[in-house]
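Undergrad:
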Amino acid sequence: MYPVDSGDTTFIVLCTALVLLMTPGLAFFYGGMVRAKNVLTIMMQSFISMGIIAIIWIFGGFSLAFGPDIGGLFGDISYHFALDKVGAMPSPLYATTVPFILFFAYQLMFAIITPALITGAFAGRFNSRGYIQFLILWMILVYIPVCHWIWGGGFLSKLGVVDFAGGIVVHVSAGFSALSTVIFFGPRRKELREIEPSNLPLVAVGAGLLWFGWFGFNAGGAYAGDALAAYAFTNTTIAGSIAMTVWLILDWHYAKRPSFSGILVGAVAGLATITPCAGYVPPWAAIVIGAVGSVVCYYAKGIQSHFKFDDALEVFRAHGMGGLTGALLVGIFASTAINTVSAGFEQFFVQLLGVVVVGAYAFVLTWIILKIISHFGPIRVSDMETLEGLDEALHGERAYETMDLPGDTTGKPAEADGTPARPDRTDTEEETRAADQPDQPKNKEQSKPNGNKQEGDATSARAGGRGKTAPSVG
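Structure, rendered in structure tokens:
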């Protein structure tokens, strides 16, 4: 029996709460990036994960990931099914100074956020039924096996692959799965791509919550409130800050001006890059890792552009490439002064093997899952639903209620010739049909040459309708 350490337990309780906070943070981050009429849909996808994944994790998921090893591929599903043998006493294998039930909860938070990361790649394309089916199958067939291979005593861990806090298990698996979904669905209509974020302050709030939660994500990997956790915490801060600054410089160089959304993505890229090595490298190495991760993720845009991958919110770029880069850098910067892992060619190639195996497995299995569920009905939203907006079409709700007053162009972008742009309107089927018809008088009052001008103005004001905020990706 291992005694419970109250200090370590308190620390992991806090880290568990911080990791859970990352999922609402991700919902805000993605919600501000997409078009105003799709905000609730992508936020809801993150919150759905919090419900469904918890059920899977209780009834078999945790046991498959962390139960007694079977052939190096998965755990014994019966061992911890429905929290059997998961109680107050620590496990001799995992987090040996905190209650095993707390280890269960901490790992659940990782399982929740990982599939939520993928949702940014297919923003504006997946219908609700298809997404829920995908979420369930992806968790069972992709995340849980990968988790066991590296963290649960599976074959990759036996080969020496290490991943301190999820660079491979979380970011590589989610990033390459995101790439698979992007290729499977194909690009969105041209006019729906390359659009500015609808709510940058919401993106900033989300990025702040993600960064705050990332301290629990990485430092919690020590499973104790000790010096190792302190190193992981500090390395997380350094890498995120350096990556954000390097991204700002690159933006300034190539775009001639820095962008707010750019530096936020840069920070996330740096945080993803440091994740697999946060507890293996000294702080000076975190500076290099943050810079390298930022550069790699920034230039990964060229790969997406070359192959015309329509990854709506840059999931593969920030998480897939970031996690991959960080996992490899363990083999270059790991120090025995911090942890038991040492840098060297052998560790580098073992890490490379882990990245290749997980990336390829996640990509292929994701494609297979999408093919399977697409045989039982359409999983992509229709063009009409896309035009109407997924919030209204799929959920009967909308994030914003706004009113365009006649002649009010405040906040509207100017046309190319400098004239104010006309107010936006929601793209509905009726509006689409109306746009194809010649202008006709709508009633007798309008057909009169002079009419009642005062009444006409009031009618126009009442008919101004709901507008939409500046559109964004998705």
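For the sequence shown, the numbering used here begins at 4 and goes up steadily by one. Quick reminder that beta carbons are idealized off the backbone N, C-alpha and C, glycines included.
#1: Quick check on the burial criterion: 16 or more other C-beta atoms within 10 angstroms. Buried or exposed for V22?
#2: In three-state terms, what does DSSP make of N453?
#3: Using beta-carbon positions only, say whether C300 and G326 come within less than 8 Å of one another.
#4: Quick check on DSSP: helix, strand or coil for I341?
#5: Kindly list the residues whose CB is nearer than 7 Å to the CB of G216, restricted to its own chain and excluding five residues on each side of it in sequence; keep chain order.
#6: Would you check if there are 3 or more beta carbon pairs closer than 8 Å linking the stretch 28 to 48 to the stretch 113 to 129?
#7: Closer than 8 Å is the cut-off here; do at least three beta carbon pairs connect the stretch 167 to 177 with the stretch 220 to 237?
#8: Helix or strand or just coil, what does DSSP make of F14?
#9: Sort out for me which residues DSSP pairs F129 with in a bridge.
#10: How many Å lie between I147 and K259 at the Cα?
#11: For the alpha helix (DSSP H) containing Y257, name the first residue and the last one.
#12: Using only the alpha-carbon positions, how far apart do F2 and M387 sit?
#13: For D72, list the residues DSSP reports as bridge partners.
#14: I need the DSSP call for D442, collapsed to helix, strand or coil.
#15: Beta carbon of T248, beta carbon of F218: below 8 Å?
#16: What three-state label does DSSP hand V37 in the structure shown?
#17: Rounded to whole angstroms, how far is the Cβ of A321 from the Cβ of A275, which I believe are closer than 8 Å?
#18: Rounded to whole angstroms, what's the CA-CA distance from Y82 to G70? Just pull it up for me.
#19: Hey, is the stretch 132 to 147 in contact with the stretch 360 to 372, meaning 3+ C-beta pairs nearer than 8 Å?
#20: Rounding to the nearest angstrom, what Cα-Cα distance links S176 and V318 in this structure?
#21: Closest by CA to M47, which one among G90, L17 and N130?
#22: When you compare each of V361, M112, P102 and H378 to V149 by their alpha carbons, which one comes out closest?
#23: Taking the alpha helix (DSSP H) that S377 falls in, what are its first and last residues?
#24: What residue range is occupied by the uninterrupted alpha helix (DSSP H) comprising T117?
#25: Taking C-beta to C-beta, are V384 and L393 nearer than 8 Å?
#26: My parser needs the alpha helix (DSSP H) runs of 4 or more residues fully inside the stretch 271 to 351; what are they?
TA: Let me lay it out:
#1: Along the sequence shown, read from residue 1 onward, the residue named residue 22 stands at position 19. Counting Cβ neighbours within 10 Å, V22 comes out buried, since at least 16 surround it.
#2: On the sequence shown, residue 453 is found 450 positions in, with the first residue counted as 1. For N453, the predicted structure reports a pLDDT of 44, less than 50, and the residue's modelled location is therefore unreliable. The matter cannot be settled from this model.
#3: Counting from one through the sequence shown, the residue named residue 300 turns up at place 297. Counting from one through the sequence shown, the residue named residue 326 turns up at place 323. For C300 and G326, no; Cβs fall outside 8 Å.
#4: Counted from its first residue, the sequence shown places residue 341 at position 338. In the structure shown, I341 sits in coil (DSSP, three-state: anything other than H, G, I, E or B).
#5: Numbered from its first residue, the sequence shown carries residue 216 at position 213. Beyond the five residues adjoining it in sequence on each side, G216 comes within less than 7 Å, by CB distance, of L21, V22, L24, M25 and G28 in the same chain, given in chain order.
#6: yes
#7: The stretch 167 to 177 is in contact with the stretch 220 to 237.
#8: Position 11 of the sequence shown, counted from the start, is the residue given in the question as residue 14. Three-state result, F14: helix.
#9: Along the sequence shown, one-based indexing puts residue 129 at 126. Note: F129 sits in a beta bridge opposite R383.
#10: Here residue 147 corresponds to residue number 144 of the sequence shown, with the count starting at 1. Here residue 259 corresponds to residue number 256 of the sequence shown, with the count starting at 1. Between I147 and K259, the C-alpha separation is close to 44 Å.
#11: Translated into positions along the sequence shown, residue 257 becomes position 254. Per DSSP, the continuous alpha helix (DSSP H) segment holding Y257 begins and ends at A230 to A258.
#12: Lying before the first or after the last residue shown, residue 2 is absent from the chain, which here runs from 4 to 477.
#13: The sequence position of residue 72 within the sequence shown is 69, counting from 1. For D72, which the question treats as bridged, DSSP gives the partners G78.
#14: Residue numbering aside, residue 442 sits at position 439 when the sequence shown is read from its first letter. Legend: pLDDT at D442 = 44, less than 50; position of this residue unreliable, value from coordinates given subsequently. Coil, per DSSP.
#15: The sequence position of residue 248 within the sequence shown is 245, counting from 1. The sequence position of residue 218 within the sequence shown is 215, counting from 1. No, they are not a contact pair.
#16: Residue numbering aside, residue 37 sits at position 34 when the sequence shown is read from its first letter. DSSP places V37 in the strand class (E or B) of the three-state scheme.
#17: Looking up residue 321 in the sequence shown gives position 318. Looking up residue 275 in the sequence shown gives position 272. Sure, about 6 Å apart at Cβ, within 8 Å.
#18: Residue numbering aside, residue 82 sits at position 79 when the sequence shown is read from its first letter. Residue numbering aside, residue 70 sits at position 67 when the sequence shown is read from its first letter. C-alpha separation (whole angstroms): 6 Å.
#19: yes
#20: The residue given as residue 176 occupies position 173 in the sequence shown. The residue given as residue 318 occupies position 315 in the sequence shown. Rounded to whole angstroms, S176 to V318 spans 11 Å at the Cα level.
#21: Translated into positions along the sequence shown, residue 47 becomes position 44. With distances taken between Cα atoms, M47 lies closest to N130.
#22: Taking the first residue of the sequence shown as 1, we reach residue 149 at position 146. When only C-alpha atoms are compared, the closest one is V361.
#23: For this step, residue 377 is matched to residue 374 along the sequence shown. That run of the alpha helix (DSSP H) goes F348 to S377.
#24: The residue given as residue 117 occupies position 114 in the sequence shown. Note, T117: alpha helix (DSSP H), F103 to I121.
#25: Along the sequence shown, read from residue 1 onward, the residue named residue 384 stands at position 381. Along the sequence shown, read from residue 1 onward, the residue named residue 393 stands at position 390. Yes, these two residues count as a Cβ contact at 8 Å.
#26: 286 to 310 and 324 to 336
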